[in-house]
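Only one structure is covered here, and it is reproduced in the block below.
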Amino acid sequence: MRRTVLVAIFALLAFCGSAFADSYPSRPITIVVPFAAGGPSDAMSRILAERMKLSLGQPVLIENTTGAGGSIGVARVVHAAPDGYTVGFGHLGTHVANGAIYKLNYDLVADLEPVVLLPSNPMIIVSKNAVPAKTLPELIAWLKSRPEPAAAGTAGAGSGSHIAGLYFESTTGVKLQYVPYRGTGPAMNDLVAGQIDIIVDQLSNSINQVRAGTIRGYAVTDDKRAESAPEIPTTDEAGVPGLHMTLWSGLWVPKGTPKEIVAKLNVAAVEALNDSNVRKALENLGLQMPPAEKLTPESLGDWQKAEIAKWWPMIKAAHVSVD
Ligand code: MLT
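Written as structure tokens, this is what we have:
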């Protein structure tokens, strides 16, 4: 008798879970962006959300939950209900570097379910126009000649722009004074205004300002020029060989989110990435689409683990203080 009751209870739970997933989504979905509006994470999320809502049949809203290099926004997702209505946007900084810098109250791998890998882009070294340098070697010489370290805008300790700055320091010997913002959108406003000196920024965030001539671009951290910015040399061409960094992004949901719901979100994101208007908007920002075979949830999970293994030793060796 007892066994029969238990079997019936498990069957009912399975039915409810399946029925819940079948009816998903029945209300708006929130994508939590861990950086301020106006930056590259925010821009990509809004472009994708506009197209994902067509596939999901519900509004897809953007919530900017900022601070601590993006780790506050990630925590918001980790502790949300695993029901598919709270989705986290993140990237190399938030879902790899943060784990090497902060004492997080969550595990970046164990407490999240990967949904899909999103487009990536190289970083670009940019400065305010008042800097008296026209090439990367001239910029490096200027940075080294200063009595005080130059002010480098970032999106906070552990953000992509911060990790890129550390990497730039370690490969060139320059010293930077980091100025944290809630995202590289606000940091860019201060760079254009001349309030800070440089940013090692996502190409997608700087490309339009470089094109407009409101800031100066020196090199992209890649071994090939960006198709959307062919006039910008690579770091290899500009005299700093091997300074390569690609900032990739992705979507995650809380651990325990039903697989059927993860699959529905994955399909909606992939349909957005395959939409010609979305691709055109993202590629115009210098973003590169992930290959089709990398678009499964498992691929993002494997990629994140590989990137943790790659970057944590360098980041930990930098002994970054977040106090
Ligand atoms: C970063 O530097 O981590 C991001 O570019 C910040 C942002 O998206 O605003």
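At position 194 of the sequence shown the residue is numbered 196 (our numbering), and the sequence of numbers has no breaks. Even for Gly, the Cβ is constructed at its ideal location relative to N, Cα and C. Since we're looking at a predicted model, the values are computed, not measured.
With respect to 8 Å, is the separation between the Cβ of residue i and the closest non-hydrogen atom of the ligand MLT below this value?
i	result
residue 42	yes
residue 37	yes
residue 210	no
residue 306	no
residue 192	no
residue 58	no
residue 249	yes
residue 93	yes
residue 204	yes
residue 223	no
residue 81	no
residue 67	no
residue 72	yes
residue 162	yes
residue 207	yes
residue 157	yes
residue 75	no
residue 185	yes
residue 96	yes
Between residue i and residue j, what straight-line distance do the alpha-carbon atoms span, to the nearest angstrom?
i	j	result
residue 9	residue 23	21 Å
residue 111	residue 71	18 Å
residue 139	residue 241	7 Å
residue 28	residue 123	34 Å
residue 320	residue 222	22 Å
residue 205	residue 233	13 Å
residue 175	residue 143	10 Å
residue 356	residue 128	Residue 356 is absent from the model: the chain starts at 3 and stops at 325.
residue 195	residue 322	28 Å
residue 272	residue 106	30 Å
residue 291	residue 281	8 Å
residue 184	residue 59	31 Å
residue 44	residue 11	44 Å
residue 226	residue 236	6 Å
residue 48	residue 31	13 Å
residue 239	residue 212	19 Å
residue 220	residue 136	7 Å
residue 224	residue 125	8 Å
residue 315	residue 260	34 Å
residue 160	residue 283	27 Å
residue 189	residue 152	14 Å
residue 42	residue 258	29 Å
residue 309	residue 253	16 Å
residue 318	residue 5	52 Å
Of all the CB atoms in chain C, is at least one closer than 9 Å to the CB of residue i?
i	result
residue 125	Here chain C cannot be found, since the structure has a single protein chain.
Locate the beta strand (DSSP E) running through residue i, then write down its first and last residues.
i	result
residue 226	Taken as a continuous stretch (DSSP letters only), residue 226 belongs to no beta strand (DSSP E), as it is neither H nor E.
residue 1	Here the chain has residues from 3 to 325 only, and residue 1 is not among them.
residue 75	First-last for residue 75: 73-80, but that is the alpha helix (DSSP H), not the beta strand (DSSP E).
residue 251	248-256
residue 155	152-156
residue 123	114-130
residue 178	178-182
residue 245	From DSSP, residue 245 is part of no beta strand (DSSP E); its letter is neither H nor E.
residue 35	31-35
residue 90	88-93
residue 62	62-66
In the DSSP assignment, find the unbroken alpha helix (DSSP H) run with residue i in it and report its ends.
i	result
residue 299	299-319
residue 46	42-58
residue 188	186-194
residue 140	138-147
residue 100	100-103
residue 285	278-286
residue 164	162-174
residue 275	261-275
* On the three-pair Cβ rule with 8 Å, is the stretch 111-124 touching the stretch 182-201? -> no
* Is it a yes or a no for the stretch 245-258 touching the stretch 169-178, going by three-plus beta-carbon pairs under 8 Å? -> yes
* State whether the stretch 34-48 contacts the stretch 84-103, with contact taken as three or more CB pairs (one from each stretch) at a distance under 8 Å. => yes
* Would you say the stretch 153-161 touches the stretch 125-136, given that touching needs at least three Cβ pairs under 8 Å? -> no
* **Inter-stretch contact at 8 Å, needing at least 3 Cβ pairs: the stretch 298-307 / the stretch 78-87** => no
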